[in-house]
Amino acid sequence: YTGEYTKEIDLVKYTKGIYFLEITTENGVIYKKMIMI
């Protein structure tokens, strides 16, 4: 699959801080850091 995929996540219940996202696709795994302020 080539293209773009969007997924919304409700982050209201999470506190401020640093979070690490793990995104798994059929092509592999991507890790991203997210900072909530």
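In short: position in the sequence shown from 1, add 63, done, that's the numbering used here. From the three backbone atoms N, C-alpha and C, an ideal C-beta is built for every residue, glycine too.
Would DSSP call residue i helix, strand or coil?
| i | result |
| --- | --- |
| Y68 | coil |
| T78 | coil |
| E85 | strand |
| I93 | strand |
| I100 | coil |
Comparing C-alpha positions only, which one of the options sits nearest to residue i?
| i | options | result |
| --- | --- | --- |
| I98 | K76, K70, V75, F83 | F83 |
| L100 | V75, E67, K70 | Note that residue 100 is Ile in the sequence shown, not Leu. Minimum Cα distance to I100 is reached at V75. |
So residue i and residue j are supposed to be a Cβ contact under 8 angstroms. How far apart are they, rounded?
| i | j | result |
| --- | --- | --- |
| I86 | K79 | About 22 angstroms separates the two Cβ atoms, so there is no contact after all. |
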